[in-house]
Amino acid sequence: MSDLSRPDVARPDPGAFDCDRPPFDLLTADQRDGLTAALDIGLYAKDSVVLGRDDPTDALFVVLRGAVQERHGGEIAALHGPGDRFDLASLYGGGPIRSFVAADDTVCHVIPRPVLEGLARENPEFGAAVIGEFAQRMRALAAERSNREMAALTMARIRQAYLHPPLFVAGDASLRDAADVMKRNHASSVLVRDNGPEGERVGILTGTDLRDRVVLEGRPVDAPVGPLARYGLLTIDRDDLLFNALVLMTKHAVRRVVVTENGAVVGLLGQSDLLAVLSNHSQVIGLQVEHADSPEDLRQASLSIVALIRTLHATGVKVAFIADLVTELNRRIFRKLFELLAPPDLLENSCLIVMGSEGRGEQVLKTDQDNGLILRDGYDCPALPSIVAAFSRHLVSFGYPPCPGNIMVSNPDWTRPLAGYKDSIFHWIHHPDEAAAMNLAIFYDAAPVAGDSSLLDEAKGYLLSRLQDNQMFFSQFARPTLAFDTPSGLFAALFERRRAEPVDIKKAGIFPIVHGVRALALEKHMVETNTVARIWALAEAGALDRKLAGELVEALTILSTIRLKARVDSPSEAGGDPNAELAIDNMVHPDRLGKLDHDQFKDCLALVKSFKETIAYHFRLNH
41 MSDLSRPDVA RPDPGAFDCD RPPFDLLTAD QRDGLTAALD IGLYAKDSVV
91 LGRDDPTDAL FVVLRGAVQE RHGGEIAALH GPGDRFDLAS LYGGGPIRSF
141 VAADDTVCHV IPRPVLEGLA RENPEFGAAV IGEFAQRMRA LAAERSNREM
191 AALTMARIRQ AYLHPPLFVA GDASLRDAAD VMKRNHASSV LVRDNGPEGE
241 RVGILTGTDL RDRVVLEGRP VDAPVGPLAR YGLLTIDRDD LLFNALVLMT
291 KHAVRRVVVT ENGAVVGLLG QSDLLAVLSN HSQVIGLQVE HADSPEDLRQ
341 ASLSIVALIR TLHATGVKVA FIADLVTELN RRIFRKLFEL LAPPDLLENS
391 CLIVMGSEGR GEQVLKTDQD NGLILRDGYD CPALPSIVAA FSRHLVSFGY
441 PPCPGNIMVS NPDWTRPLAG YKDSIFHWIH HPDEAAAMNL AIFYDAAPVA
491 GDSSLLDEAK GYLLSRLQDN QMFFSQFARP TLAFDTPSGL FAALFERRRA
541 EPVDIKKAGI FPIVHGVRAL ALEKHMVETN TVARIWALAE AGALDRKLAG
591 ELVEALTILS TIRLKARVDS PSEAGGDPNA ELAIDNMVHP DRLGKLDHDQ
641 FKDCLALVKS FKETIAYHFR LNH
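In the working numbering, the protein residues as written are 41 to 663.
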């Protein structure tokens, strides 16, 4: 075969294909016969191209003899030997651009795409195994994203940071005048314009300089600042890199630099402001919450979270970390607001809870309110209606819209004694209509925020104790997993036809994972609330395949990242106030996604489609 310069295609010997090798061992005898009858065979000379970078992929290759190099960016990324298969990544729409070259004289079985798709439809277990490299490919693509986002971090510009407005005093102003300007403007420095023999020069005088000159050196407070200011300012352009500003501060051991634009001074960049952009300013928001004396103080802190999300997203921080951070800040705000409004006895005899995505710790961007209040049995608070109404009203001003289903503390159905919650739980379990299933799902995700958390523990303990091995109940509970269309067939043909149409990423991708996992967790009486924690708990219990668990975690992370990116980067959000609330919109336009995001989006929706079939089979939803 060494004299071949290009592949030939011939009919193979059906017996040469090893159907006992995974995943083909999952096929039935008839399906194996159909596969071997449909196989083609490719013969490739050493160093010939098996599949070029720009070649369309319409088949799965399985190496019979020889070896094939997988090349990416001019380097050998992998070597495929006998029994290995490729190229699922190209076949199912994604991955980095690669080529495949025969390392030796090579023979490959060639499985036409229609044949593979037909077998996958007939045999879902085989179909899931065929695309079993999903998580590994997602990790590789995510690594590419991480590298790109880290590059974005180092490319952050000074104009992204907060600049302190420049405060000028004349050179003949007194030290007292300079101190007065700093006090009135809550500043720690002033710039000094001094006219000397060589013309005007600009220097800086800091609060530390004032202390040293007046207190330590005994200078009179009416001494002029001109001779005492430090000149030869460290300046940097507003469009320069923040990283360069950090290097400049470190090199000269200073805490601030002067920022210019077109040669004119536009502000001062402090070290803390620089680090707030290069890392985050969550500690600052936390301090704002801790020292808040009024709901208005909390409102300002809450609005700052939006800018924090933008900053963290722009600098490449992973969405899971953002969710953890935002969850903690949100709960601090809710707790502080409740403490500002509630008398001490109400705090001692109640438990404020958050539910839904906030309860699961998965909320990144603000959505509808989902909260409630559990009261200790026998406790009465006459002012309670006005307190909970004020709580909901203030949250609206913080950017949390009222819940369309009225699941809020201002609704008496969600502010009731523990015994009332137990009555509702009993009803939700034993009369499982659509509303009951929704309420049970929301409450199952509840987490305590303020007050006595043992009240929620007792309510959830009652919930789990009332569950029975009732197939009809769990089927009813799991059914919403299939409520929304996921616009992707196993091989994304439908998705390709619709790629210009917007997709509701929450309904099509995120919700089916969240609720399907929630149904499995409830069936196993698990106490975890976070979806990722539930996935791994199910895997530990043997209720979920570990490989599928990893794929679901990868997909949920990627979908959440694409959702966040679509919200932050949408045309309506571009160029606005960084503290402005982001519109509640889950629509993603596939045609606006970059190649990396587009490929990952398709793969994630394919996995969601497969997972929905798994849930349907497990809970017998098709019967």
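Where is the CB? At the ideal position from N, CA and C, for every residue including glycine.
Checklist entry - What is the rounded straight-line gap between the Cα of L661 and the Cα of I655? => result Here residue 661 is taken as the residue at index 621 of the sequence shown, counted from 1. Here residue 655 is taken as the residue at index 615 of the sequence shown, counted from 1. For L661 and I655, the distance between alpha carbons rounds to 8 Å.
Checklist entry - How about the segment 413 to 421 and the segment 390 to 400: do they share at least three Cβ pairs that are nearer than 8 Å? => result Cβ pair count under 8 Å is three or more, so yes.
Item to check | Nonlocal neighbours in the same chain, by C-beta distance under 6 Å from S139, ignoring five residues either side | outcome: As a first step, residue 139 must be located in the sequence shown, where it is residue number 99. Excluding positions up to five away in sequence, the list reads G92, R93 and R111.
Checklist entry - How many angstroms separate the CA atom of A548 from the CA atom of A481? => result The residue you call residue 548 lines up with position 508 of the sequence shown. The residue you call residue 481 lines up with position 441 of the sequence shown. About 18 Å.
Next on the checklist: Can you look up R456 in the DSSP assignment and give me helix, strand or coil?
Outcome noted: Counted from its first residue, the sequence shown places residue 456 at position 416. Three-state DSSP puts R456 in a strand.
Checklist entry - Buried or exposed: where does T290 fall if 16 or more other Cβ atoms within 10 Å of its Cβ makes it buried? => result Taking the first residue of the sequence shown as position 1, residue 290 is located at position 250. Burial call: exposed.
Item to check | E301 - containing beta strand (DSSP E), residue span | outcome: Position 261 of the sequence shown holds residue 301. Here the beta strand (DSSP E) through E301 covers R296 to E301.
Next on the checklist: Between P205, A523, H434 and Y461, which has its C-alpha nearest A304's C-alpha?
Outcome noted: Sequence index remark: in the sequence shown, residue 304 carries index 264 (1-based). Checked all of P205, A523, H434 and Y461; the closest Cα to A304 is P205.
Checklist entry - Does the beta-carbon of M222 have 16 or more other beta-carbons within 10 angstroms, so that it is buried, or is it exposed? => result Position 182 of the sequence shown, counted from the first residue, corresponds to residue 222. So M222 ends up on the buried side.
Checklist entry - Can you give the Cα-Cα distance for N320 and R375, rounded to whole angstroms? => result The residue given as residue 320 occupies position 280 in the sequence shown. The residue given as residue 375 occupies position 335 in the sequence shown. Because N320 sits at a pLDDT of 45, beneath the cut-off of 50, its placement in the model cannot be relied upon, and the point is left open.
Next on the checklist: For the pair the segment 365 to 379 and the segment 508 to 526, tell me if three or more CB-CB distances fall below 8 Å.
Outcome noted: no
Item to check | Sequence-distant residues of the same chain with beta carbon closer than 7 Å to A78, five excluded per side | outcome: Position 38 of the sequence shown holds residue 78. Cβ neighbours of A78 beyond the five flanking positions: P152 and V155.
Next on the checklist: Considering only heavy atoms of the ligand NAD, does any lie closer than 8 Å to the CB of L392?
Outcome noted: As presented, the structure is devoid of all ligands, the ligand NAD included, so that no description of it is given.
Item to check | Y461 to A423 span [Cα, whole Å] | outcome: Position 421 of the sequence shown, counted from the start, is the residue given in the question as residue 461. Position 383 of the sequence shown, counted from the start, is the residue given in the question as residue 423. If I take the Cα positions, the gap works out to 21 Å.
Checklist entry - What is the C-beta distance between L496 and A486, in whole angstroms, given that I count them as a contact (C-beta under 8 Å)? => result One-based indexing of the sequence shown puts residue 496 at position 456. One-based indexing of the sequence shown puts residue 486 at position 446. With a Cβ gap of about 6 Å, L496 and A486 count as contacting.
Item to check | 4-residue-minimum alpha helix (DSSP H) runs that sit fully inside the segment 547 to 619, ordered along the chain | outcome: 551 to 563, 571 to 580 and 586 to 608
Checklist entry - Where does D95 sit, in a helix, a strand or coil, going by DSSP? => result Translated into the one-based positions of the sequence shown, residue 95 becomes position 55. Note: D95 maps to coil in three-state DSSP.
Next on the checklist: Using only CA atoms, which one of V394, E402, R400 and G401 lies nearest to F707?
Outcome noted: With the chain covering only 41 through 663, there is no way to say anything about residue 707.
Checklist entry - Nearest to A56 by alpha carbon, out of A107, V294, H353 and H149? => result As a first step, residue 56 is located in the sequence shown; it is residue number 16 there, counting from the start. Measuring from the Cα of A56, the nearest candidate turns out to be H149.
Item to check | Separation of D280 from R188, as counted between CA atoms | outcome: Taking the first residue of the sequence shown as position 1, residue 188 is located at position 148. Taking the first residue of the sequence shown as position 1, residue 280 is located at position 240. With a pLDDT of 46 at R188, under the threshold of 50, the modelled position of this residue cannot be trusted; read the value that follows with caution. Straight-line Cα distance between these residues: approximately 20 Å.
Next on the checklist: To the nearest angstrom, how far is the alpha carbon of N225 from that of G239?
Outcome noted: Your numbering for residue 225 matches position 185 in the sequence shown. Your numbering for residue 239 matches position 199 in the sequence shown. Roughly 28 Å separates the two Cα atoms.
Checklist entry - So what's L75 in DSSP terms, helix, strand or just coil? => result For the purposes of this step, residue 75 is taken as the residue at position 35 of the sequence shown. L75 falls in the helix class under three-state DSSP.
Item to check | Option in D463, A227, D643 and V265 with minimal Cα separation from N235 | outcome: To locate residue 235, count along the sequence shown from 1; it is residue 195. Among D463, A227, D643 and V265, the Cα nearest to that of N235 belongs to V265.
Checklist entry - beta strand (DSSP E) containing V232: first to last residue? => result By 1-based counting over the sequence shown, the position of residue 232 is 192. Where V232 is concerned, the enclosing beta strand (DSSP E) stretches over S229 to G236.
Checklist entry - Which residue comes first and which comes last in the alpha helix (DSSP H) that contains R433? => result Here residue 433 is taken as the residue at index 393 of the sequence shown, counted from 1. Segment L424 to S437, the alpha helix (DSSP H) holding R433.
Checklist entry - Taking Cβ to Cβ, would you say I362 is nearer than 9 Å to V404? => result Residue 362 sits at position 322 when you count from the first residue of the sequence shown. Residue 404 sits at position 364 when you count from the first residue of the sequence shown. Cβ distance < 9 Å, so I362 and V404 count as in contact.
Next on the checklist: With three or more C-beta pairs closer than 8 Å as the rule, is the segment 577 to 597 touching the segment 500 to 511?
Outcome noted: no
Next on the checklist: Please report the distance separating the alpha-carbon of V37 from that of A118.
Outcome noted: Here the chain comprises residues numbered 41 to 663, so residue 37 is not present and cannot be evaluated.
Next on the checklist: Comparing C-alpha positions only, which one of T571, I465 and G74 sits nearest to E157?
Outcome noted: Reading the sequence shown from its first residue, position 117 is the one you call residue 157. Answer by Cα proximity: G74.
Next on the checklist: Tell me the rounded alpha-carbon separation between F641 and T246.
Outcome noted: Your numbering for residue 641 matches position 601 in the sequence shown. Your numbering for residue 246 matches position 206 in the sequence shown. Whole-angstrom Cα-Cα distance: 52 Å.
Checklist entry - Is it the case that the Cβ atoms of L596 and T571 are separated by a distance below 9 Å? => result Locating residue 596 in the sequence shown gives position 556, where the first residue counts as 1. Locating residue 571 in the sequence shown gives position 531, where the first residue counts as 1. If you check the CB distance, L596 and T571 come in under 9 Å.
Item to check | Through-space distance from Q200 to G615, alpha-carbon basis | outcome: By one-based count along the sequence shown, residue 615 stands at place 575. By one-based count along the sequence shown, residue 200 stands at place 160. With a pLDDT of 43 at G615, under the threshold of 50, the modelled position of this residue cannot be trusted; read the value that follows with caution. Between G615 and Q200, the alpha-carbon positions lie close to 12 Å from each other.
Item to check | 8 Å Cβ shell around V567 - same chain, five flanking residues per side excluded | outcome: Your numbering for residue 567 matches position 527 in the sequence shown. Only residues of its own chain outside the window of five on either side were considered, and among them K500 and L504 have a CB closer than 8 Å to the CB of V567, listed in chain order.
Next on the checklist: Contact defined as beta carbons within less than 8 Å: I believe G82 pairs with D144. What is the distance between those atoms, to the nearest angstrom?
Outcome noted: Numbered from 1 along the sequence shown, position 42 holds the residue referred to as residue 82. Numbered from 1 along the sequence shown, position 104 holds the residue referred to as residue 144. Rounded to the nearest angstrom, the Cβ distance from G82 to D144 is 14 Å, too far for a contact under 8 Å.
Next on the checklist: Taking the straight line between their C-alpha atoms, what separation do you get for G121 and A169?
Outcome noted: Residue numbering aside, residue 121 sits at position 81 when the sequence shown is read from its first letter. Residue numbering aside, residue 169 sits at position 129 when the sequence shown is read from its first letter. For G121 and A169, the distance between alpha carbons rounds to 19 Å.
Checklist entry - Is T248 near T275, with beta carbons less than 9 Å apart? => result In the sequence shown, counting from the first residue as 1, residue 248 sits at position 208. In the sequence shown, counting from the first residue as 1, residue 275 sits at position 235. No, the pair does not count as a contact, with Cβ atoms beyond the cut-off.
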